[in-house]
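See structure below.
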Amino acid sequence: MPTKSGCNLWRSAVWYTAFLASASLVGFLYYTPSFRCRTQELEEPIVNPAHVVLIWLWPFNKTFDLDVCRSHFNVHSCVLTADRYFIDKADGVLIHHRDIAWDGSNLPQFLRPPHQKWIWMNSESPSNTAWIPGLDNLFNISLSYRKDADVSVPYGSLVPVDRRFEDFLDGVPSEKDKLVCWIVSNYKPEHRRMQYYEQLRKYIRIHVYGDFFEKRVSEEEYKDVVSSCKFYLSFENSVHKDYVTEKTVQRSGSGRRPRRLRPVQAELRAVRPRRRLHPRRRLPFHEGSG
0 MPTKSGCNLW RSAVWYTAFL ASASLVGFLY YTPSFRCRTQ ELEEPIVNPA HVVLIWLWPF
60 NKTFDLDVCR SHFNVHSCVL TADRYFIDKA DGVLIHHRDI AWDGSNLPQF LRPPHQKWIW
120 MNSESPSNTA WIPGLDNLFN ISLSYRKDAD VSVPYGSLVP VDRRFEDFLD GVPSEKDKLV
180 CWIVSNYKPE HRRMQYYEQL RKYIRIHVYG DFFEKRVSEE EYKDVVSSCK FYLSFENSVH
240 KDYVTEKTVQ RSGSGRRPRR LRPVQAELRA VRPRRRLHPR RRLPFHEGSG
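For what it's worth, numbering that gives the first Met the number 0 labels the leading residue of the sequence shown as 0, then goes sequentially.
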């Protein structure tokens, strides 16, 4: 017969597993490709939930449907909410770093209760993550693209494709009328990728798109634009551990070869296929640094 301490240990393990699953779900919901964001009233009051994860700051102020734990992900023991009424009852509080005010005025104005997990969510590289005073020892769970985060939510992943190569080619345009393409919004002269681009364009024509070039590409136009190119410049805005974004993962399924600027090889091997793979998208066009 199990001892009392053994039962407590088992309950703790089950709780922690459910908690991490719900935190991962928040990240996955935000990174699901879509421009269509909800702005309606959020949800009905929660009555005796098993475990509550409270979204304190919506990522980039974009809301999304939260009532999908059971129907979409088969998670039965947690509830996601954005209703701050439940701050005292929440087991976890998710806070998006990019939306924290510089003076911390939009953070919970009390000490973190011992039972509560405050989740630091961030999808930007260290080069594009502002230092905000007063955050030391405030969070006890991390959620980011990093593999060593408590909750790792990468920009994308690759899974083996279950179809013949000829079938895959059916989705690739037969006529590619552009040699090299690039979509970029965050254009800063000091970025190494910009310096590389300025040199490269002296020798070959590069078709450029994005906010900086006043050629915004919509979600509907994106696949056709990128698929019309033989090569795509998959340049990150910075080079850091595990920072391999949709620039590589999302573009890998459009029938052209991504060209990267001095990649961190260990990180790139984790997502770049050595054989035929199918990219499983996790992100929309990123709202961050681009």
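Built from N, CA and C at the ideal position, the CB exists for glycine as well. If you're wondering where the values come from, they're calculated on a predicted model, not measured in any experiment.
Annotation: Arg-83 to Ile-54 spans about 8 Å, alpha carbon to alpha carbon.
DSSP places Tyr-231 in the uninterrupted beta strand (DSSP E) bounded by 228-232. Rounded to the nearest whole angstrom, the C-alpha separation of Trp-119 and Leu-93 is 6 Å.
When DSSP states are grouped into helix, strand and coil, Ser-143 belongs to the strand group.
In this structure, Ser-70 keeps its C-beta atom at 7 Å or more from the C-beta atom of Ala-49.
His-206 sits in a strand when the DSSP states are folded into three classes. Going by beta carbons, Tyr-242 and Ser-122 fall outside the 7 Å limit.
Put simply, of Phe-72, Arg-145 and Ile-182 the residue whose alpha carbon is nearest the alpha carbon of Gly-209 is Ile-182. Comparing alpha carbon positions, the residue from Asn-185, Glu-218 and Phe-138 closest to Phe-211 is Asn-185.
In terms of Cα proximity to Asn-127, the closest of His-190, Val-78 and Phe-109 is His-190. Three or more Cβ pairs closer than 8 Å define a contact, and the stretch 96-108 meets that threshold against the stretch 129-143. Within the stretch 52-114, the complete beta strand (DSSP E) runs of at least 3 residues fall at 78-80 and 91-95. Taking a C-beta distance under 7 Å as the contact criterion, His-95 and Leu-65 do not qualify as a contact pair. If you look at Leu-199, you'll find it in the alpha helix (DSSP H) that goes 191-199. Pro-125 carries a helical assignment under DSSP once its states are collapsed to helix, strand and coil.
For Leu-199, the closest alpha carbon among the candidates Ser-156, Ser-217, Leu-142 and Tyr-231 is that of Tyr-231.
Less than 7 Å divides the Cβ of Ile-140 from the Cβ of Asp-149. In this structure, the beta-carbon distance from Arg-204 to Phe-234 does not fall below 7 Å. Per the coordinates, the alpha-carbon of Thr-244 lies some 34 Å from the alpha-carbon of His-114. Sequence-distant partners of Lys-88 (beyond 5 residues in either direction) whose C-beta falls short of 7 Å from its own C-beta, in its chain, are Val-51.
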